[in-house]
Ligand code: AGP
C-alpha cells in the first residue's frame with residue numbers, strides 16, 4: 245500500500261511523521277527571537293479568567309496536560325470528560341470552554357460544547373480537521389495541523405495537540421510572561437521536532453516490547469505533566485495490544501492498585517527532570533520494585549536508570565515538552581507489542597476513528 249510509504253502500518257508511519265507534523269504546527273506561528281506567538285485565527289480572543297477543557301480519550305489526556313499549562317499562568321482550569329460534562333454542566337462563570345477533538349466530529353465533545361454555548365460560554369475548538377463540525381460551531385478554532393491520521397490510534401495528533409496547547413497558553417499569557425520566559429519556551433518548542441526525531445532514531449522500544457511480552461498486565465505511572473502521558477501510554481497499549489494496562493498518577497498506585505502488582509506486571513515509570521516530583525516518583529518506583537515488579541524507566545536521567553530493569557531514554561531539557569518525547573517511546577512500545585501479537589493495529593477490534601454516537 246503506497247499510502248503507508250513503506251511502513252507496515254499507518255500507525256507506524258504516523259508515529260514517524262511527528263517531527264514534520266510538529267514543524268507544521270509551529271510554522272509561521274512562533275517568533276522565538278522576539279518571543280511572540282501569532283495565532284491569527286484567534287484574533288479577538290481575550291485572556292479568559294477560567295477555562296474548562298472538554299474532550300474524550302486521547303484528546304482528554306491532552307486536556308489534562310493543558311490544565312497544568314493554564315495553571316502555570318495562574319488561570320484556573322479544569323479538564324472534563326466530554327460525556328460527563330454534557331450530562332451535568334458545572335458552573336461556568338465566564339469560563340472559556342475549549343473542546344479538544346482531533347476529528348472535530350466526536351459526538352460527546354460536540355454535545356459538551358453545545359451545552360456550554362447554550363449557557364452563553366465562549367467556545368474554542370482545538371482540532372485537526374478544517375471545517376469540521378466543532379470548528380464550525382465554536383466561536384474560535386485553533387488548528388493543530390498534524391495532517392490526516394488514518395490509524396484509529398491517535399499518535400501524531402496527540403503530540404500536535406500538546407504543542408498547540410503550548411501555543412495557545414503562550415498566546416493568551418499577555419504580560420504574565422516576561423519576554424525572556426516566553427523566548428525560552430518558544431525556543432524549546434522550536435527544538436522539539438529535532439528531539440522527537442532523535443527519540444525515533446534511537447528508540448529501544450522494540451527490544452523492550454519483546455522482553456516484556458506475555459505479562460499479566462502493564463502499569464504506567466507518572467506525576468505532574470507526566471501523569472497525562474502515563475494515562476495515554478496505557479490507553480494506547482490497551483487499544484492496540486488488547487492486553488490489560490492501566491495508567492496512574494504515580495502517588496496513587498499505593499492507594500489500592502498496588503495489590504495487583506507482582507513480578508509479572510511490568511511498570512513503565514515516567515520520570516523526567518531532577519526536581520522534587522521526580523524524586524517522589526522514584527519513591528513510588530521502589531514500592532513496586534519491592535513487590536518484584538520489573539520497572540521500565542522512561543527517562544532523561546542516567547541516575548534513574550540505576551533503579552530500573554530497563555530504560556527508554558529521551559533527550560533531557562525542558563520539563564514542559566518532556567511528555568511529548570516520553571509519549572513517542574510509549575507509542576512505540578504499544579506498537580511493537582501489538583505487532584508481535586499480530587493485532588489489527590490500524591483498525592483495532594470494536595473501535596472507530598471518530599465516535600459519532602453518544
Ligand atoms: C485514541 O487513540 C482513540 N482513538 C480515541 O481515544 C480518540 O482520541 C477519541 O475518540 C477522541 O477523538 P477526537 O479527538 O477525534 O475527538
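In UniProt numbering, the protein residues as written are 245 to 602.
Beta carbons: idealized from backbone N, C-alpha and C, even for Gly.
Using a Cβ-Cβ cut-off of 7 Å (strictly less than) and excluding sequence neighbours within five positions of residue i, which residues of its own chain qualify?
i	result
residue 536	506, 507
residue 585	485
residue 192	Residue 192 lies beyond the range of the chain shown here (245 to 602); nothing can be said about it.
residue 554	452, 455, 540
residue 330	352, 355, 356, 359
residue 598	347, 349, 350
residue 595	396, 483
residue 313	409, 410, 413
residue 441	263
residue 339	292, 294, 295, 296, 365
residue 406	306, 309, 567, 568
Give a single yes or no on whether residue i has its beta carbon closer than 7 Å to a heavy atom of the ligand AGP.
i	result
residue 301	yes
residue 483	yes
residue 398	yes
residue 480	yes
residue 598	yes
residue 346	yes
residue 353	yes
residue 350	yes
Please identify the residue among the options whose C-alpha is closest to the C-alpha of residue i.
i	options	result
residue 257	596, 473, 595, 590	590
residue 297	415, 370, 262	370
residue 410	307, 525, 372	307
residue 379	354, 391, 393, 390	354
residue 528	538, 495, 518, 560	495
residue 301	328, 556, 292, 312	328
residue 337	357, 293, 325, 344	293
residue 540	269, 290, 515	515
residue 263	588, 569, 303	569
residue 415	283, 520, 474, 493	283
residue 287	385, 360, 344, 404	385
residue 592	558, 525, 395	395
residue 397	587, 255, 313, 291	255
residue 479	290, 491, 458, 526	491
residue 467	269, 303, 512, 343	512
residue 433	261, 417, 269	269
residue 469	567, 583, 320	567
residue 375	364, 361, 345	345
residue 418	534, 290, 459, 543	290
residue 315	583, 564, 450, 602	564
residue 533	552, 548, 543	552
residue 267	361, 388, 558	388
Return the chain-ordered list of same chain residues with a C-beta closer than 8 Å to the C-beta of residue i, the five sequence neighbours on each side being excluded.
i	result
residue 481	462, 464, 487, 489, 574, 577, 578, 581
residue 447	556, 572, 573, 576
residue 600	349, 350, 351
residue 604	Only positions 245 to 602 of the chain appear in the structure, and residue 604 is not among them; the question remains open.
residue 498	528, 531
residue 334	296, 322, 324
residue 272	282
Residues in the same chain with beta-carbon distance under 6 Å from residue i, minus the five sequence neighbours each way, listed in chain order, please.
i	result
residue 610	The chain is shown only over 245 to 602; residue 610 falls outside these bounds and no answer can be derived.
residue 383	366, 367
residue 420	317
residue 431	276
residue 390	265, 372, 400, 401, 404
residue 261	400
residue 521	467, 468
Let me check one thing: in DSSP terms, what residues is residue i bridge-paired to?
i	result
residue 465	492, 513
residue 281	274
Is any non-hydrogen atom of the ligand GDP found closer than 7 Å to the C-beta of residue i, if you look at the structure I gave you?
i	result
residue 375	Looking at this structure, you won't find the ligand GDP anywhere; what it does contain is the ligand AGP.
* To do: List in chain order: all unbroken alpha helix (DSSP H) runs of 4+ residues lying wholly within the region 527–578.
  => Under the rule that a run must span 4 or more residues, the alpha helix (DSSP H) segments found entirely inside the region 527–578 read 546–549.
* Could you tell me which uninterrupted beta strand (DSSP E) segments, each at least 3 residues in length, are contained entirely in the UniProt domain "SIS" (285–422), listed from first to last along the chain? => Complete beta strand (DSSP E) runs here, min 3: 295–299, 321–325, 340–345, 366–371, 384–387.
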